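**Q** Residue numbers (this note's numbering): -7 to 223.
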Amino acid sequence: MEILIADDDIELCQLLKEYLEQEDIRVKFCHDGQQAVEFIGSHTFDLLILDVMMPIKNGFDTLVELRKTSNLPIIMLTAKGDKIDRIVGLEMGADDYVAKPCDPRELVARIRAVTRRSKNSASNGSINTSNNERIEQDDLVLNRNNRQVLVDGKDIELTSTEFDFLVLLLENAGSLVTRKKLSLDVLGKRLQTFDRSIDMHISHLRKKLGVTKNGIERIKTLRGNGYQYLI
-7 MEILIADDDI ELCQLLKEYL EQEDIRVKFC HDGQQAVEFI GSHTFDLLIL DVMMPIKNGF
53 DTLVELRKTS NLPIIMLTAK GDKIDRIVGL EMGADDYVAK PCDPRELVAR IRAVTRRSKN
113 SASNGSINTS NNERIEQDDL VLNRNNRQVL VDGKDIELTS TEFDFLVLLL ENAGSLVTRK
173 KLSLDVLGKR LQTFDRSIDM HISHLRKKLG VTKNGIERIK TLRGNGYQYL I
C-alpha cells in the first residue's frame, strides 16, 4: 500500500512516515494542496491524508478539486475539537477524518478501514439481484464488481464510503439499518456520541442519488435510530 500525506508540518510528516512504514505502508509527502493535486495527477496512490490548514491551496480547496476527477480515498486531518472542519470535510466528499495531534495507531486503523472499503464491497446478501454482484431497486442499479451506481441510466459518482453505505442500505431495503451497524460495518469503528460523520455521508449520498421518479426521497431518516432505504 502506498499513500500520500499532504501537510505543511514537516516534522509530523516525517514522524508519521517512520511509523507507517513499520506497518508496511509506503509513504510520500508534500506540503501544500497544489503539490498534492500535482502528485495525484502523476502518481498512483491508495489513499490521501489531507491536512485542512495548508499554504497555497488549503485542504478544503484541494478536496473539492480532487473530487471533480478522482474517487481516491481521503482522510482529513482536522484540529482537535474542531467539529466544523470535520463536517465540512465530510460534506465535500472526504471518507473519514482524524483529529490532530493524532495517535499513529488510530491513523493506521483508519487507513486500513478506508482502503479496505475502497477495494471490497459488502457481500452479505442482496435484493432484486440477477447475481451477487448486482442490486436493482426501481431506477437504481448498483454493480459491486466495478463499484458503479446508475440512476435512470446515469452514472453516479460516489466515494468508496458512500458506495458501501448504499450497499448496506440496499441489502436491507425496507428495514431499519441502525447508526451503530452503519458505523461498525462501513466505517469500521464503534459509534461515538455526537459523531456526525454517518449523517454527513448519508446527506451527501441523498444529494447525489436524488429523488425517485415519483419525487420521493430514497433514504428515510428514523430519528435517533438510523436509516431506511424505502421500497
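Glycine included, C-beta positions come from ideal geometry on N, C-alpha and C.
For clarity, every value in this text was computed on a predicted model and none was experimentally measured.
1. Measuring only the C-alpha atoms, how far is Leu99 from His193?
2. Going straight from the alpha carbon of Tyr219 to that of Asp(-1), what length do you get?
3. Among Asp53, Ile127, Asp87, which one has its Cα closest to the Cα of Gly25?
4. Using 8 Å as the threshold, is the C-beta distance between Lys172 and Leu179 below it?
5. In whole angstroms, what separates the C-alpha of Glu128 from that of Leu161?
6. Where are the beta strand (DSSP E) runs, 3 residues long or more, that stay fully inside the stretch 146 to 180, in chain order?
7. Kindly indicate the opening and closing residues of the beta strand (DSSP E) around Gln220.
8. Quick one: measure Cβ to Cβ for Phe157 and Leu174, integer angstroms, because I've assumed they're closer than 8 Å.
9. Kindly indicate which three-state DSSP category Phe21 falls into: helix, strand or coil?
**A** Reading from the atomic positions:
1. So the alpha carbons of these two residues sit roughly 20 Å apart.
2. 35 Å
3. Asp53
4. Taking 8 Å as the Cβ cut-off, Lys172 and Leu179 do not qualify as a contacting pair.
5. 12 Å
6. Complete beta strand (DSSP E) runs here, min 3: 146 to 148.
7. Where Gln220 is concerned, the enclosing beta strand (DSSP E) starts and stops at 218 to 221.
8. 6 Å
9. strand
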